[in-house]
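Encoded as structure tokens, the structure appears first; notes follow it.
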Amino acid sequence: MTAETFGQCLRRLRGEAGLSQAQLARMVPIHQSNLSRWEGDRQAVEDRVLVERLETVLGAPGALTRAQAPSLLHGDGIDSQRIDHAVRRPRTVDDRTLDALAKLLASTRHLEDCVGAAAVLLPERGHVNLLTELASESRGPIRTRVIDLAGQWAQHHGWLYTALERYDEADQWFSRSLEWALEAGDDDLAATVWSFKGHVAWLKGQVGPTIGLTHTARRYTGIHAGQTAYDALQEARGHALLGDVSEVERLVDEAHALSQLATRQMADGSAPPWHYYREDGFWNLEGGRAIAPVRPRQAVELLEAGLAELPPDQLHADWADAYRRDLEAAQRATA
Numbered sequence: 001m002t003a004e005t006f007g008q009c010l011r012r013l014r015g016e017a018g019l020s021q022a023q024l025a026r027m028v029p030i031h032q033s034n035l036s037r038w039e040g041d042r043q044a045v046e047d048r049v050l051v052e053r054l055e056t057v058l059g060a061p062g063a064l065t066r067a068q069a070p071s072l073l074h075g076d077g078i079d080s081q082r083i084d085h086a087v088r089r090p091r092t093v094d095d096r097t098l099d100a101l102a103k104l105l106a107s108t109r110h111l112e113d114c115v116g117a118a119a120v121l122l123p124e125r126g127h128v129n130l131l132t133e134l135a136s137e138s139r140g141p142i143r144t145r146v147i148d149l150a151g152q153w154a155q156h157h158g159w160l161y162t163a164l165e166r167y168d169e170a171d172q173w174f175s176r177s178l179e180w181a182l183e184a185g186d187d188d189l190a191a192t193v194w195s196f197k198g199h200v201a202w203l204k205g206q207v208g209p210t211i212g213l214t215h216t217a218r219r220y221t222g223i224h225a226g227q228t229a230y231d232a233l234q235e236a237r238g239h240a241l242l243g244d245v246s247e248v249e250r251l252v253d254e255a256h257a258l259s260q261l262a263t264r265q266m267a268d269g270s271a272p273p274w275h276y277y278r279e280d281g282f283w284n285l286e287g288g289r290a291i292a293p294v295r296p297r298q299a300v301e302l303l304e305a306g307l308a309e310l311p312p313d314q315l316h317a318d319w320a321d322a323y324r325r326d327l328e329a330a331q332r333a334t335a
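Oh and the sequence shown: position 284 is 284 in full-length UniProt numbering, straight run, nothing missing.
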């Protein structure tokens, strides 16, 4: 049975208490418009004190807190009881709890590929808030693993905002992820976040920051080849906008060799978990995107090939739609 979202739980508890939205809003007190957005899962409640106040008024201690973190993102094989325990007692987090939260993040990434960023954003916020609290409370030997995992959740949350074109919020989450990655000493995650910052700059049409931020990501050595390959192509995108054909071709050639190494690393299981979607089709898509401004005909071929190679569970992802728009633009350029 699918777990309730925060909004569904709040609406149910209010109904069981025999209260209208207006009555509950006056008792808390809050604006009724806020209550309506929360019940519709259109806005997350980030104030824990306010959540506890709602629970007190509704006579349901802990119910909304549990719904806020273990939400509909829980899939098969997720140890929900351990996550529930972490919500109630964040200082007791252990390795098995972190294993459950890492598995949950992996399932969330795949869910987002299927249903889109908008459907995942608000349910995910409870988990991100939980990891934020764990990062604040953790100490001792387990802290490094806690903040590393918190950084991974924050990075994914930043991606969701990026997909929804809410770039300021995306950058805030990427910055938080970067802080945790640096503390944890996770160079792969840090490079990934710098790269995403460069991607946001590219989406905003800022050529200088696109190249500069991506070049910062490329300074990291000894990381997964898939990240280095991607960043070569992303930097090529920036140079393509400047019309620097020779630099674009140099970077694309560099990325091709790195992507072959990345494929081998994916096969032997040494790639970080957030690289799961960077298979052969992905490299054709990124190559097509990189060269589209300077080689539109070749870009059409690569983008068509990449889209044809996507697995069924990624066909309707937000990022797949973005490559379809790239293909349409390249086709118009060749007409």
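We put the CB at the ideal spot given by N, CA and C, even for glycine.
Treat the numbers as computed from the prediction; the structure is a model and nothing was measured.
Taking 8 Å as the limit between beta carbons, can you name the residues of its chain near residue i, skipping five residues before and five after?
i	result
Trp-159	Ala-117, Ala-170 and Phe-196
Ser-243	Correcting the residue identity first, residue 243 is Gly in this sequence and not Ser. Pro-293 and Val-294, listed in sequence order.
Cys-114	Asp-313, His-316 and Ala-317
Ile-30	Leu-50
Along the alpha helix (DSSP H) that carries residue i, what are the first and last residues, could you check?
i	result
Arg-237	225–241
Gly-281	280–291
Pro-296	296–309
residue 337	Here the chain has residues from 1 to 335 only, and residue 337 is not among them.
Asp-99	95–115
residue 344	With the chain covering only 1 through 335, there is no way to say anything about residue 344.
Ile-30	Premise fails: Ile-30 is in no alpha helix (DSSP H) and is neither H nor E.
Trp-274	Element bounds for Trp-274: n/a, residue is neither H nor E.
Ala-191	187–203
Gln-8	6–16
Leu-19	Careful: Leu-19 lies outside any alpha helix (DSSP H) and carries neither H nor E.
Do residue i and residue j have their CB atoms nearer than 8 Å?
i	j	result
Tyr-288	Leu-310	The displayed chain sequence assigns Gly, not Tyr, to residue 288. No, these two residues do not count as a Cβ contact at 8 Å.
Ala-240	Ala-290	yes
Leu-285	Tyr-323	yes
Ala-271	Glu-254	no
Ala-184	Ile-223	no
Tyr-161	Leu-203	no
Ile-83	Ser-107	no
Glu-137	Arg-91	yes
Ala-267	Arg-278	no
Val-93	Ile-142	yes
Gln-155	Ser-177	yes
Gly-226	His-275	yes
Glu-235	His-215	yes
Val-51	Thr-65	yes
Ala-17	Gln-32	no
Glu-112	Val-120	yes
Tyr-220	Asp-186	no
Keeping to the same chain, check which residues put their C-beta closer than 7 Å to that of residue i; ignore five residues upstream and five downstream.
i	result
Ser-71	Note that Ser-71 scores a pLDDT of 43, beneath 50, so its modelled location is shaky; the value from the coordinates is reported in the next line. Ala-3, Thr-5, Phe-6, Pro-123 and Gly-126, listed in sequence order.
Leu-213	Trp-194, Lys-197, Gly-198 and Ala-201
Ala-63	Cys-9, Leu-13 and Glu-55
Glu-39	Gly-7, Leu-10 and Arg-11
Ala-135	Val-146, Ile-147, Ala-150 and Trp-180
Val-300	Leu-327, Ala-330, Gln-331 and Thr-334
Val-28	Arg-53, Leu-54 and Val-57
Met-1	Low confidence applies here, because Met-1 scores a pLDDT of 38, under 50, leaving its location unreliable and the question unanswered by this model.
Ala-102	Leu-149
Leu-35	Gln-21, Leu-24 and Ala-25
Val-245	Val-294
Pro-296	Ala-330, Ala-333 and Thr-334
Near residue i, what residues of its chain come up, given a Cβ to Cβ distance below 6 Å and the 5 sequence neighbours on each side ignored?
i	result
Glu-247	His-239
Ala-60	Leu-13
Gly-281	Gly-306, Glu-309 and Leu-310
Gly-205	none
Ala-217	Ala-191, Trp-194, Ser-195 and Asp-231
Please look up how many angstroms separate the CB atoms of residue i and residue j, rounded, as I've assumed it's under 8 Å.
i	j	result
Thr-228	Leu-258	5 Å
Leu-189	Gln-152	6 Å
Leu-24	Val-57	7 Å
His-110	Asp-313	7 Å
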